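Input: a single structure, listed below in structure tokens.
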Amino acid sequence: MNDTAERVCALMAKELQLDPSLLRPEVKLQDLGVDSLSALEFVFALEKEFRITFDRDVDLRGGEVQHVIDVVDVERSRMAHATAG
Amino acid sequence: MNRVVVTGLGAVTAVGHSPEQTFAACLAARSGVRRAPELAFSPGIPLVASANFDAASIVLMRRSAPLDRATAMAVASVRQAVADAGTNLGPGSPRTGIYWGTGMGGAGTLEDAYRAVFRDDDWHLKPTSIVTGMNNAPAAVISLEYGVTGPALTYSIACASSAVAIGEAMRAIRNDVIDCAIVGGSEALLTKGILCAWTALRTLAKEDPEDPARSCKPFSGERSGFVLGEGAAALVLESAARAEHRGAAGYAELAGFGLTSDATHISDPSPGGQARAMRAALEDAAVDVEDVGYISAHGTATPVGDRVETASIKQAFEAHASKIAVSSTKAVHGHVMGATGAIEFMIALLALQSGSLPPTAHLTSADPNLDLDFVPVHARHGVELTAVVSNSFGFGGTNAVLVARQTTPRRQARHG
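Heads up: the sequence lines are chains U and B, in that order.
Residues 1 to 85 in the numbering used here are what the first sequence lists, from first letter to last.
Residues 86 to 501 in the numbering used here are what the second sequence lists, from first letter to last.
The structure is reproduced here in structure tokens:
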């Protein structure tokens, strides 16, 4: 079972100091008051948590919570394939 | 030209979390110096004057980057000073400025980053490392916290940093650029790398074999250098008109500022440059040498530093020098580098206000070549003071001298 959504939301609540009940899939991070620096800190936290590396141009702030979960999933699978390969 | 008064004080030091506690420790010659086994490196266990301060306890009203220890201490001291002044600074105070001093800014943040990169080969540094560690982070965070929209300036001039910041803010108020300023300095450089670098310079005190807390001995025949400290001090400066308008009684008038450069040596002090700064400050304040009853000396306890400062005081004050009480409080709170000028000026203000002079701690063995009244060991009380001087001299040859004068009505003395 994929645990990405649960872990991303837990990390989002902790790192961005957000109420977990606000983290609905369709909500955009910028609408939750996440500024550019906080978004960078969150990228850093996600990279450490999942041992992944995002492209430097990744924009999580402009996307929805579901978008964050999706891009983390993509990176996790890419890393898994790279490791297996 | 606007007169400038000091209406608020705040401090975090090795000997207290308030101006009152810090001043009380200075009066009692109660040292905050200790051995620091947690910072030991191969030459041995260093001495430090560390503040018992939890940086994580500082939570900002506005979200910012994580705070370096120097910034957290700055915020803590500013909160005290602003509350003490009882003035409304914001939001959006274009006529208020921030003038802050720090020698090494976010030293701890940078050292953490270097450790991760060079020791642990971990190149994933926090994205906030730069904005947390930059030298102007304290001034920037204070500006954000209080919504101050006038100038937010940072002065990094070694041990003279915060004295210069205070003097420059005084000039800005005098010249009507602003009419209120949050000023001071903060320093948090008790890291292994920086302690190691200072050890190499051979200016740090040798450990007293009987009591490490007594290791720093300014103006003593047994002096061997200073102990690095950490902390912050903040002051609120206002034009006298602004303070009067809101009915605020000031601690004192910040009456004069003298600033010179030696242009002789990168680290060796010069009596000529220091004396010129003292004279310039007195002239700026229109204070006669006879009106000065107390000098808060730079007094680093290095063999050369104390000798040169003694000579410079004699040069500046001539025959009156022997009648002035001169003391260094660094034996108590340590040498707090970029913050030391603000801490010591605050102590000089409290001496002026209370009539109690802090002694030079641990001065039990005189140096026959240093023959001023250094107020050895014991505080003096009930001294009538008209004006006081605070000296701050920095590597690079910068000499900054502040003069404060009694105001009327006098603010009630604070008790530690």
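We put the CB at the ideal spot given by N, CA and C, even for glycine.
All values derive from a computational prediction rather than experimental measurement.
DSSP three-state assignment for residue i, whether helix, strand or coil
i, result
"K28(U)", "strand"
"C281(B)", "helix"
"F311(B)", "strand"
"I432(B)", "helix"
"G357(B)", "helix"
"A114(B)", "coil"
"L94(B)", "strand"
"A224(B)", "helix"
"T471(B)", "coil"
"L152(B)", "coil"
"R490(B)", "strand"
"G218(B)", "helix"
"A485(B)", "strand"
"A266(B)", "strand"
"T345(B)", "strand"
"F108(B)", "helix"
"S86(U)", "Outside the displayed span of chain U (1 to 85) sits residue 86(U), for which this structure offers no information."
"D206(B)", "coil"
"P122(B)", "helix"
Residue from the options whose Cα sits closest to the Cα of residue i
i, options, result
"A424(B)", "L313(B), A282(B) and C265(B)", "L313(B)"
"A224(B)", "L286(B), D296(B), D293(B) and A317(B)", "A317(B)"
"S300(B)", "R119(B), L487(B) and A348(B)", "R119(B)"
"T53(U)", "L22(U), S38(U), V27(U) and A80(U)", "A80(U)"
"G426(B)", "K408(B), S381(B) and V389(B)", "S381(B)"
"V262(B)", "M86(B), G482(B) and V474(B)", "M86(B)"
"S355(B)", "L457(B), N484(B) and E469(B)", "N484(B)"
"P294(B)", "T276(B), L286(B) and S309(B)", "S309(B)"
"A334(B)", "P104(B), D169(B) and A114(B)", "D169(B)"
"S214(B)", "S178(B), G93(B), R496(B) and D153(B)", "D153(B)"
"P453(B)", "E469(B), T395(B) and L434(B)", "T395(B)"
"L94(B)", "P151(B), R115(B), R164(B) and V133(B)", "R164(B)"
"I258(B)", "R180(B), L487(B), G467(B) and I242(B)", "R180(B)"
"L280(B)", "E123(B), V91(B) and A109(B)", "E123(B)"
"F478(B)", "T217(B), V372(B), G357(B) and C244(B)", "C244(B)"
"S324(B)", "T172(B), Y240(B), S116(B) and D206(B)", "T172(B)"
Neighbourhood of residue i by C-beta distance below 7 Å, restricted to the same chain and skipping five residues each side
i, result
"R7(U)", "E49"
"V307(B)", "It should be noted that the sequence gives Glu, not Val, for residue 307(B). Answer for E307(B): S450, listed in chain order."
"L112(B)", "S441, P443 and A464"
"M146(B)", "E230"
"N208(B)", "Strictly speaking, residue 208(B) in this sequence is Trp, with Asn absent from that position. The answer, listed in chain order, is V202."
"G270(B)", "W185, G186, T187, S246, S247, A250, A317, A318, G423, A424, G426 and A427"
Test: residue i CB closer than 9 Å to a CB of chain B
i, result
"L29(U)", "no"
"F54(U)", "no"
"V65(U)", "no"
"K48(U)", "yes"
"V43(U)", "yes"
"D91(U)", "Because chain U spans 1 through 85 in this model, residue 91(U) falls outside it and cannot be assessed."
Same chain, Cβ closer than 8 Å to residue i, five either side skipped, listed in chain order
i, result
"L11(U)", "F42, A45, L46 and E49"
"R364(B)", "G343 and A401"
"R51(U)", "M79"
Own chain residues within Cβ distance below 6 Å of residue i, not counting five before or after
i, result
"V34(U)", "L16 and R61"
"L274(B)", "M189 and A192"
"M1(U)", "Per-residue confidence for M1(U) stands at a pLDDT of 45, beneath the threshold of 50, marking its modelled position as unreliable; no derived number is given."
"L238(B)", "Y184"
"V97(B)", "A136, F138, M158, A161, S162, G316 and A317"
"V460(B)", "A410, S412, L442, P444 and T445"
"H500(B)", "Summary for H500(B): the model assigns pLDDT 48, below 50, so the residue's position carries little reliability; its value from the coordinates is reported in the next sentence. Cβ within range, chain order: n/a, list empty."
"E75(U)", "I52"
Contact with chain U by residue i, beta-carbon distance below 9 Å
i, result
"H209(B)", "yes"
"L152(B)", "no"
"V163(B)", "no"
"T107(B)", "no"
"T213(B)", "yes"
"V226(B)", "no"
"V216(B)", "yes"
Inside the region 363-403 of chain B only - beta strand (DSSP E) runs reaching at least 3 residues
377-381
Restricting to runs no shorter than 3 residues, where is the beta strand (DSSP E) found entirely within the region 292-337 of chain B?
DSSP runs (the beta strand (DSSP E)) wholly in the region 292-337 of chain B: 316-324.
Which runs of the alpha helix (DSSP H) spanning at least 4 residues fall entirely within the region 224-259 of chain B, listed in chain order?
246-259
Quick one: which unbroken alpha helix (DSSP H) runs of 4-plus residues sit fully inside the region 408-453 of chain B? Chain order, please.
Runs of the alpha helix (DSSP H) inside the region 408-453 of chain B: 415-418 and 425-439.
In chain order, which continuous runs of the alpha helix (DSSP H) of length 4 or greater are located wholly inside the region 127-192 of chain B?
154-170
Quick check for students: name the residue ranges of the alpha helix (DSSP H) that lie wholly in the region 29-79 of chain U, counting only runs of 4 or more.
Taken in chain order, the complete alpha helix (DSSP H) segments of 4 or more residues contained in the region 29-79 of chain U are 36-50.
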